[in-house]
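Notes follow the structure.
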Amino acid sequence: MEGQQPGHGERVKINVGGSTFETSLSTLTRLDGTVLNYLREGENFVPPSDSDARESLRREAE
């Protein structure tokens, strides 16, 4: 899967400030102009991930 965009039905895990959240790619990309949607634009998108295959955002969870 490296170098390819995941499908819209795919589940993704996101590490936000040490808390892990899981959702679908379609939920993350349904609104234009959001940070998570922007990160996935482009043909060569490869998400930054930690050893547990979670995308990491350097933000505090609320």
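Residues in the sequence shown are numbered consecutively from 1, following UniProt numbering.
For each residue, glycine too, the CB sits at the ideal point set by N, CA and C.
No experiment lies behind these values; they were computed from the predicted model shown.
> Can you pull the DSSP bridge partners for E10?
Replying inline: Here residue 10 refers to the residue found at position 10 when the sequence shown is read from its first residue. Per DSSP, none; premise fails for E10.
> For residue 66, which of R30, L31, L25 has the nearest alpha-carbon?
Replying inline: The requested residue 66 is not part of the displayed model; the chain covers only 1 to 62.
> Under the three-state reduction of DSSP, which class applies to T20: helix, strand or coil?
Replying inline: One-based indexing of the sequence shown puts residue 20 at position 20. Correct three-state label for T20: strand.
> Which residue comes first and which comes last in the alpha helix (DSSP H) that contains T29?
Replying inline: As a position in the sequence shown, residue 29 is number 29, starting the count at 1. Segment 25-29, the alpha helix (DSSP H) holding T29.
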